[in-house]
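Asker: Can you keep this structure in mind? I'll have questions shortly.
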Amino acid sequence: MRRSFGFFAILAVLATVVLGTPSTAADAEGRVPMPDLWRGKGEKCLEPATDMRRYHMNYLKHQRNDTLYKGIRGTKYSLKECIECHAVPVPGKKGERSVEHFCDQCHTYAAVWIDCFQCHASKLHEEGGASK
Amino acid sequence: MTSKKTGMDTDAARRRFLGGAAALTTLSLAPGVTLIASAEAKEAHDATSTKMRWGMLIDARKCDSECTLCVDACRDEMGWGTPADRKPRPKTDAQWIRKVHVTDPKTTHTFSLPVMCQHCESPTCVDVCPTGASFKRVDGVVLVDKHICIGCRYCMMACPYKARSFVHEDISNQKPHAPRGKGTVEACTLCVHRVDRGGIPACVERCATAGRKAMLFGDLNDPESEIAKAVAEFATKQIRADLGLNPGIRYQGI
Chain A
0 MRRSFGFFAI LAVLATVVLG TPSTAADAEG RVPMPDLWRG KGEKCLEPAT
50 DMRRYHMNYL KHQRNDTLYK GIRGTKYSLK ECIECHAVPV PGKKGERSVE
100 HFCDQCHTYA AVWIDCFQCH ASKLHEEGGA SK
Chain B
0 MTSKKTGMDT DAARRRFLGG AAALTTLSLA PGVTLIASAE AKEAHDATST
50 KMRWGMLIDA RKCDSECTLC VDACRDEMGW GTPADRKPRP KTDAQWIRKV
100 HVTDPKTTHT FSLPVMCQHC ESPTCVDVCP TGASFKRVDG VVLVDKHICI
150 GCRYCMMACP YKARSFVHED ISNQKPHAPR GKGTVEACTL CVHRVDRGGI
200 PACVERCATA GRKAMLFGDL NDPESEIAKA VAEFATKQIR ADLGLNPGIR
250 YQGI
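Pasting the structure below:
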């Protein structure tokens, strides 16, 4: 009897250590680890963060069509405006700031391949910023 | 400009609507705002309109055969030159504007003129494009939507002016206002990024700054504009006018 009490006591302690600790950590951080982001300049983005996270591609696409086909310039969702705030330091490349790295932080994490920057400038331009 | 509510916002809009009635007020106000928009000269935020027809008048008599200022200006502005780290390959390197030298064999009369996309009213490049990437803006500027260009180069074959180029290699350090990429076709954009903000094309500006003033840019549809007055007063020519494409670029002295 005394022996079985000891066995259950050890089992209880083990269960607390093995199961208890991870479940507390998961509650604090969510079920999966999130990327640690460089966020860029300013207090907040154009829209609330939840909207930007979900709809930024749509904002950009509508803006791009308006600019290309209708010649509407200087509106807030332009890719150049993204660069103004979100050109973040690139690890391993001293002094280089690129919006591509900002985007890659999440896109690499989510395994989403974007090819915007094969054509579009991703770095702050020397001559007075990107939105010349 | 009021931000547009489009389909993409459906989820968010529904939540906001359920949250309060404020969304209703916004929706009913939005159309009113566009109704009172001014129909005068285009600001950067305005959409371009069919009222305008951008064009250029180039005076070949003022164009020196040695001068390449317009070509240099375009290269600097749009960044299409041969990269510094490799040799030029004239047959395949992009060229948005070139100087053409013409000699009449019978009289040996020689002249020189810049040739770029002629921004035709009936562009053959747009006719043949299989994806709709080649298009004409309502104000007459012919462009390529590189997002949907598949690089088939049909437009390059169709263009009688040899105005378009294909990008064969990866490109880096593009200008923010001139996205360029491998596998797409490109050409003179009539500097729409400047024109949309009320400016003039880089080539015209450089030519004027240097005191040559061989190029004149403006709205052919506006009777008060300098270019409309000039084309009304002087005899001007379009290159290959026989094709009936009605280019927006006109020449004097050719």
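Top line first, the protein sequences correspond to chains A and B.
Letter 93 of the first sequence, counting from 1, is numbered 92 in numbering that gives the first Met the number 0, and no numbers are missing.
Letter 103 of the second sequence, counting from 1, is numbered 102 in numbering that gives the first Met the number 0, and no numbers are missing.
Backbone N, C-alpha and C define an ideal beta-carbon position, used for all residues, glycine too.
Source: prediction; values computed, not measured.
For a contact meaning CB atoms closer than 9 Å, what does residue 196 of chain B contact in chain A?
Answerer: 72 and 73
Asker: Could you check where the alpha helix (DSSP H) with residue 116 of chain A kicks off and where it finishes?
Answerer: Residues 115-118.
Asker: Whole angstroms are fine: how far does the CA of residue 74 of chain B sit from the CA of residue 32 of chain B?
Answerer: In this prediction, residue 32 of chain B has a pLDDT of 40, which is less than 50 and means its spatial position is unreliable; nothing more can be read from the coordinates.
Asker: Give the residues from the segment 102-118 of chain A that approach chain B closer than 7 Å (Cβ to any Cβ), ordered along the chain.
Answerer: 117 and 118: these are the residues of the segment 102-118 of chain A whose beta carbon lies less than 7 Å from some beta carbon of chain B, given in chain order.
Asker: Please determine, among B:70, B:185 and B:50, the residue with the shortest C-alpha to C-alpha distance to residue 139 of chain B.
Answerer: B:50
Asker: Give the DSSP-derived three-state secondary structure of residue 63 of chain A in the structure shown.
Answerer: Three-state result, residue 63 of chain A: helix.
Asker: Identify the contact partners of residue 44 of chain B in chain A, using a Cβ-Cβ distance below 8 Å as the criterion.
Answerer: 71, 72, 73 and 74
Asker: Please name the residue in A:35, A:90 and A:56 whose C-alpha comes closest to that of residue 77 of chain A.
Answerer: A:56
Asker: Alpha helix (DSSP H) containing residue 156 of chain B: first to last residue?
Answerer: If you look at residue 156 of chain B, you'll find it in the alpha helix (DSSP H) that goes 153-157.
Asker: Buried or exposed: which applies to residue 203 of chain B, given that a residue is buried once 16 or more other Cβ atoms fall within 10 Å of its Cβ?
Answerer: buried
Asker: Can you pull the chain B residues whose beta carbon is under 9 Å from the beta carbon of residue 59 of chain A, in chain order?
Answerer: None at all; the shortest Cβ gap to chain B is about 11 Å.
Asker: Quick one: what does DSSP say residue 205 of chain B is sitting in, helix, strand or coil?
Answerer: helix
Asker: Between the Cα of residue 57 of chain B and those of B:193, B:152, B:87 and B:226, spot the shortest distance and give me the residue it belongs to.
Answerer: B:226
Asker: Buried or exposed, going by whether 16 or more other CB atoms sit within 10 Å of the CB of residue 41 of chain B?
Answerer: buried
Asker: So, with DSSP's three-state summary, where would you put residue 61 of chain B?
Answerer: helix
Asker: Secondary structure at residue 119 of chain B, three-state DSSP: helix, strand or coil?
Answerer: strand
Asker: Look at residue 236 of chain B and residue 77 of chain B and say whether their C-beta atoms are less than 9 Å apart.
Answerer: no
Asker: Please confirm whether residue 127 of chain B and residue 160 of chain B have their CB atoms less than 9 Å apart.
Answerer: no
Asker: Do residue 218 of chain B and residue 70 of chain A have their CB atoms nearer than 9 Å?
Answerer: No.
Asker: On a CA-only basis, which of A:95, A:114, A:123 and A:121 is nearest residue 146 of chain B? Give me that one, please.
Answerer: A:114
Asker: Counting only the same chain and skipping the five closest in sequence on each side, list residues whose C-beta sits under 7 Å from that of residue 155 of chain B.
Answerer: 163, 165 and 184
Asker: DSSP three-state label for residue 34 of chain B, please.
Answerer: Its pLDDT being 37, under 50, residue 34 of chain B is placed unreliably by the model, and the measurement read from it follows with that caveat. The answer is helix: DSSP assigns residue 34 of chain B an H, G or I state.
Asker: Might you give, ordered along the chain, the residues of its own chain that have their beta carbon closer than 7 Å to the beta carbon of residue 103 of chain A, omitting 5 neighbours on each side?
Answerer: none
Asker: Tell me whether residue 273 of chain B sits in a helix, a strand or coil according to DSSP, three-state version.
Answerer: Here chain B covers residues 0 to 253 and nothing more, so residue 273 of chain B does not appear.
Asker: May I have the straight-line CA-CA distance separating residue 58 of chain A from residue 118 of chain A, to the nearest angstrom?
Answerer: About 19 Å.
Asker: Buried or exposed for residue 66 of chain A, going by 16 or more other Cβ atoms inside 10 Å?
Answerer: Under this definition residue 66 of chain A is a buried residue.
Asker: Could you check whether the Cβ of residue 136 of chain B sits closer than 9 Å to any Cβ belonging to chain A?
Answerer: yes
Asker: With distance defined between alpha-carbon atoms, name the residue in B:220, B:229, B:86 and B:228 nearest to residue 137 of chain B.
Answerer: B:220
Asker: Just the Cα atoms here: how many angstroms apart are residue 156 of chain A and residue 50 of chain A?
Answerer: In the structure as shown, chain A begins at 0 and stops at 131. Residue 156 of chain A is therefore absent and cannot be evaluated.
Asker: Tell me, please, which residues DSSP counts as bridged to residue 286 of chain B.
Answerer: This structure gives no information on residue 286 of chain B, because the portion of chain B shown stretches from 0 to 253.
Asker: Roughly how many whole angstroms lie between the Cα atoms of residue 149 of chain B and residue 143 of chain B?
Answerer: 11 Å
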